[in-house]
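Structure first, commentary second.
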Amino acid sequence: MAPKVSSFAAFRGSGSVPSERPGGTELTGWQAFTLEPRTAAHAEAMFAVLADPALYEFVEETPPLSVEALRDRFARSESRQSPDGTEHWLNWVVRGASREVAGYVQATVEANLDTNVAYMFGKAHWGQGLATRAVSSMLDAVASEFGVTRFFIVAERANPRSIRVAERLGFAAAPAEVVVRKGIAATDVLMQKRLP
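Position 148 of the sequence shown, counted from 1, bears residue number 234 in the numbering used here, the numbering being contiguous throughout.
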């Protein structure tokens, strides 16, 4: 269980899901990680991760143009709320025990407490279980802090890595009526997780 945190807090995790690679090789270095509230000060370290075009194969974004552009983008979301105050924008940078930045996790908590989850990790960290552990810790913290009971992840159908992360976290395909209500493209899959 993740510690109770405010949306502005950093927290450490070791993950509540299996931390072994396929074949049983224990991970090293990423067993413990820190989720830090993302600020403009993270732009330089995150630029090194997010500038890789390989990360954008399955998302409708492009790599940041510069550290300055990324710093401006991060600064705009430091309020942690939408301009009208109806959504909480929660973004964390993921660091390992060595303090290396690996990627980010984010949760957008809507007024009805439906929460949209996203994550992006540098290619060097794919397939190591870090995304699963970091997102799991974030889900626990957001559920505890906001009382969220329903999370959503949108992944492109052609992106098996992201779908596998969602499945490991207990997400399953959302009902058709929810997919229609949320306007999900036919090329995407909407996955949801309900908490008791």
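C-beta: ideal position from N, C-alpha, C; glycine also.
Coil, strand or helix - R166 by DSSP: Residue state for R166 is assigned as coil, using DSSP reduced to three classes.
Report the residue from K279, S248, R254, L276 whose alpha carbon sits nearest the alpha carbon of W212. Proximity to W212 across K279, S248, R254, L276 peaks at S248, based on C-alpha coordinates.
If we count the other Cβ atoms within 10 Å of its Cβ and call it buried at 16 or more, is K209 buried or exposed? Burial check for K209: the Cβ neighbour count within 10 Å stays below 16, so the residue is exposed.
Local Cβ density within 10 Å of G110, reported as buried at 16 or more and exposed below that: Residue placement at G110 cannot be trusted, given a pLDDT of 27 that sits under 50; the coordinates are not used to answer.
Between the C-alpha atoms of H174 and Q192, what's the straight-line distance to the nearest angstrom? Rounded to the nearest angstrom, the two C-alpha atoms are 10 Å apart.
Does the segment 163-170 come into contact with the segment 229-236, if we say contact requires no fewer than three beta-carbon pairs (one atom in each stretch) closer than 8 Å? Result no; under three Cβ-Cβ pairs closer than 8 Å.
Helix, strand or coil at V264 according to DSSP, with G and I counted as helix: Here DSSP, grouped into helix, strand and coil, assigns V264 to helix.
Buried or exposed by the 16-neighbour rule on C-beta atoms within 10 Å, applied to A229: The residue is buried, with at least 16 neighbouring Cβ atoms inside 10 Å.
Can you tell me whether E186 is helix, strand or coil according to DSSP? E186: coil per DSSP, three-state reduction.
Can you round the beta-carbon distance between V187 and M224 to whole angstroms, since I take them to be within the 8 Å contact cut? With 8 Å as the limit, V187 and M224 do not qualify as a contact, their Cβ atoms being about 16 Å apart.
Have a look at D138 and L151 and give me their C-alpha separation to the nearest angstrom. For the pair D138 and L151, the Cα-to-Cα distance works out to about 11 Å.
Could you spell out the range, first to last residue, of the alpha helix (DSSP H) harbouring I249? Per DSSP, I249 belongs to the alpha helix (DSSP H) from 246-254.
Could you check if T218 is buried or exposed, using at least 16 other CB atoms within 10 Å of its CB as the buried criterion? Around the beta-carbon of T218, 16 or more other beta-carbon atoms lie within 10 Å, marking it buried.
Of the choices F144, E143, A134, whose alpha-carbon is the least far from that of E154? The option with the nearest alpha carbon to E154 is A134.
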